[in-house]
Amino acid sequence: MKTAYKRLNQYDRFEIEKLIALGKNNLQIASALSVHPSTISRERNRLRNEPYNAIKALGFAVEKSLNKRGGKKKMDNNPKLKNFVYSHLKLHWSPQQISNALKQFYPFDPSMQISHESIYYHIYVQPKKEIEKLLISQLRQKRNYRGNVRRGVDKRTTIKDPIRIDERPEDVITREIPGHWEGDLVLGKNRESAIGTLVERTTRFLIIVPLKKKDATSVRKAFEKAFSNIPKHLKLSLTYDNGTEMAQHKLFTKNSKVKVYFAHPYSPWERPTNENTNGLIRDYFPKGTDFNLVTKKELNTIQNQINERPRKTLEYDSPLNTISRLYMIQNFI
2 MKTAYKRLNQ
12 YDRFEIEKLI
22 ALGKNNLQIA
32 SALSVHPSTI
42 SRERNRLRNE
52 PYNAIKALGF
62 AVEKSLNKRG
72 GKKKMDNNPK
82 LKNFVYSHLK
92 LHWSPQQISN
102 ALKQFYPFDP
112 SMQISHESIY
122 YHIYVQPKKE
132 IEKLLISQLR
142 QKRNYRGNVR
152 RGVDKRTTIK
162 DPIRIDERPE
172 DVITREIPGH
182 WEGDLVLGKN
192 RESAIGTLVE
202 RTTRFLIIVP
212 LKKKDATSVR
222 KAFEKAFSNI
232 PKHLKLSLTY
242 DNGTEMAQHK
252 LFTKNSKVKV
262 YFAHPYSPWE
272 RPTNENTNGL
282 IRDYFPKGTD
292 FNLVTKKELN
302 TIQNQINERP
312 RKTLEYDSPL
322 NTISRLYMIQ
332 NFI
């Protein structure tokens with residue numbers, strides 16, 4: 002077990018809340034998060050006799066940090082900083098992007114520095130609910146709570162013999178070698194329809210996979226068909242979440258030669274490229290869309306528009322140009 006000091010972040014706190022709901026003790030939780038048991042004990046004691054709540058615990062942690070800096074709430078006491086944050090939230094920048102931008106624009110001005118955690122805290126702990134609602138509406142995912150936690154016992158079917166993301170080769174993490182993909186489903190109205198999404202990690206190239214059904218067999222066959230048109234050297238691995246639609250991962254790997262790695266439960270940040278791309282798709286197909294009514298031609302049109310869009314992470318080149326220029330591959334989808 003890792004015993005070195007580690008500062009808990011918001012994801013750790015939601016994981017703690019989930020593990021408590023599953024009946025885990027402090028030692029088991031500490032082991033799962035690779036921290037010392039005393040870290041978990043101190044964290045749970047933040048709320049004293051109240052049941053542990055990740056949002057409240059985050060609030061106490063941020064408030065304690067603010068108090069160490071003189072008890073001042075930075076944004077409320079700095080109109081220039083507050084205006085910068087609010088104006089960029091209005092442009093749908095994430096708190097992480099805003100925090101990083103402040104470091105670039107004001108590298109020598111500590112008064113214009115603020116962590117993304119403090120921005121989230123400012124948004125979700127507003128005394129005026131109408132302001133809180135407005136600020137939340139400017140976040141991409143517009144959740145009424147912070148994070149991506151699901152409480153209680155995981156009732157989904159367990160994936161048999163999953164190969165966890167920890168076992169992926171180093172070159173998957175660095176994105177230096179193309180051919181490593183992330184996959185997911187985008188669900189439609191009442192979770193009764195869906196499309197598949199496959200995104201290549203290095204080039205950000207997207208494949209939207211039409212699905213007649215979202216059961217394991219249908220998804221496996223549809224993904225196999227999508228990968229069948231991709232050159233061998235560009236289909237090395239697929240990182241997926243824990244959805245039961247990938248329950249036939251062994252047969253999928255046998256047929257497609259693409260090895261599947263599974264992210265940890267409730268850890269969407271382990272598939273950041275796919276999560277971000279699904280957000281782009283939601284701009285075209287908002288929640289409540291019935292994908293049974295969306296044609297393959299429409300999906301191809303959206304896929305092409307996203308692949309032709311310049312990306313900052315690609316130095317304003319597009320995914321299509323990047324994958325075509327580097328490997329001189331045309332029309333392989």
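Here my numbering is used: the first residue of the sequence shown is 2, the next is one more, and so on.
Yeah, the Cβ is synthetic: ideal placement off N, Cα and C, and Gly gets one too.
Note that the coordinates shown come from a computational prediction; the quantities given were computed from them, not determined experimentally.
Where the alpha helix (DSSP H) through residue i begins and ends
| i | result |
| --- | --- |
| phenylalanine 228 | 217-229 |
| leucine 252 | 250-257 |
| isoleucine 21 | 11-22 |
| serine 88 | 80-91 |
| asparagine 26 | Looking at the DSSP string, asparagine 26 is not in any alpha helix (DSSP H), and its letter there is neither H nor E. |
| phenylalanine 109 | Premise fails: phenylalanine 109 is in no alpha helix (DSSP H) and is neither H nor E. |
| asparagine 191 | From DSSP, asparagine 191 is part of no alpha helix (DSSP H); its letter is neither H nor E. |
| glutamate 171 | 171-175 |
| arginine 49 | Unbroken run through arginine 49: none, as it is neither H nor E. |
| arginine 283 | 273-283 |
Residue i, buried or exposed, once every other Cβ within 10 Å from all chains shown has been counted against 16
| i | result |
| --- | --- |
| glycine 24 | exposed |
| tryptophan 182 | buried |
| threonine 198 | buried |
| leucine 92 | exposed |
| leucine 82 | buried |
| serine 42 | exposed |
| glycine 280 | exposed |
| arginine 14 | buried |
| arginine 221 | buried |
| threonine 314 | exposed |
| glutamate 51 | exposed |
| glutamine 105 | exposed |
| tyrosine 317 | exposed |
| lysine 75 | buried |
| arginine 70 | Here arginine 70 scores only 45 on pLDDT, less than 50, and its place in the model is too uncertain to base an answer on. |
| isoleucine 174 | exposed |
| aspartate 284 | exposed |
| glutamine 306 | exposed |
| glutamate 171 | exposed |
| leucine 294 | exposed |
| lysine 236 | buried |
| glutamate 276 | buried |
| aspartate 242 | buried |
| phenylalanine 109 | exposed |
N- and C-terminal bounds of the beta strand (DSSP E) containing residue i
| i | result |
| --- | --- |
| tyrosine 241 | 238-241 |
| valine 210 | 207-211 |
| isoleucine 196 | 195-201 |
| aspartate 185 | 181-188 |
| lysine 288 | Careful: lysine 288 lies outside any beta strand (DSSP E) and carries neither H nor E. |
| valine 261 | 260-263 |
6 Å CB neighbourhood of residue i in its chain, flanking five on each side removed
| i | result |
| --- | --- |
| glutamate 16 | none |
| glycine 289 | Lys190 |
| lysine 260 | Ser238, Thr254 |
Inter-residue CB distance, residue i and residue j (contact presumed, cutoff 8 Å)
| i | j | result |
| --- | --- | --- |
| methionine 247 | isoleucine 164 | That pair is no contact at about 11 Å. |
| arginine 272 | threonine 296 | The Cβ separation is near 27 Å, so there is no contact. |
| glutamine 97 | histidine 123 | The pair is not a contact, with the Cβ atoms about 14 Å apart (cut-off 8 Å). |
| valine 200 | threonine 302 | Wrong, their Cβ atoms sit about 18 Å apart, outside the cutoff. |
| phenylalanine 85 | leucine 59 | About 22 Å; that fails the 8 Å criterion. |
| threonine 274 | arginine 202 | 5 Å |
| arginine 49 | phenylalanine 61 | So it is not a contact: roughly 10 Å between Cβ atoms. |
| phenylalanine 228 | serine 257 | 5 Å |
| isoleucine 166 | alanine 264 | 5 Å |
| tyrosine 53 | glutamate 168 | No, tyrosine 53 and glutamate 168 are not in contact; Cβ-Cβ is about 31 Å, not under 8 Å. |
| proline 232 | leucine 300 | In fact, because the Cβ distance is near 22 Å, the residues do not count as touching under 8 Å. |
| isoleucine 120 | serine 100 | 7 Å |
| arginine 112 | asparagine 79 | Checking the displayed sequence, the identity of residue 112 turns out to be serine instead of arginine. At roughly 6 Å, the Cβ-Cβ gap stays under 8 Å, so serine 112 and asparagine 79 are in contact. |
Own chain, CB closer than 7 Å to residue i, minus 5 neighbours either side, in chain order
| i | result |
| --- | --- |
| threonine 204 | Pro179, Pro320, Thr323, Ile324 |
| arginine 310 | Ser319 |
| tryptophan 270 | Tyr12 |
| threonine 291 | Residue 291 is actually aspartate in this sequence, not threonine. For aspartate 291, where only same-chain residues beyond five positions count, the Cβ hits under 7 Å are Gly189, Lys190, Ser194. |
| histidine 234 | Gly180 |
| lysine 215 | Leu186, Ala195, Glu246 |
| lysine 213 | Ser219 |
| glycine 176 | Reading off the sequence, residue 176 comes out as arginine, not glycine. Excluding residues within five positions, the ones whose Cβ falls inside 7 Å are Arg202, Thr203. |
Beta-carbon contacts of residue i that lie in its chain and below 8 Å, excluding the five residues immediately before and after
| i | result |
| --- | --- |
| asparagine 27 | Pro38, Ile41, Ser42, Arg45 |
| phenylalanine 206 | Val200, Asn308, Pro320, Leu321, Thr323, Ile324 |
| alanine 33 | Glu16, Leu20, Lys25 |
What ranges does the alpha helix (DSSP H) occupy inside the region 287-317, keeping only unbroken runs of at least 4 residues that lie completely in it? 297-308
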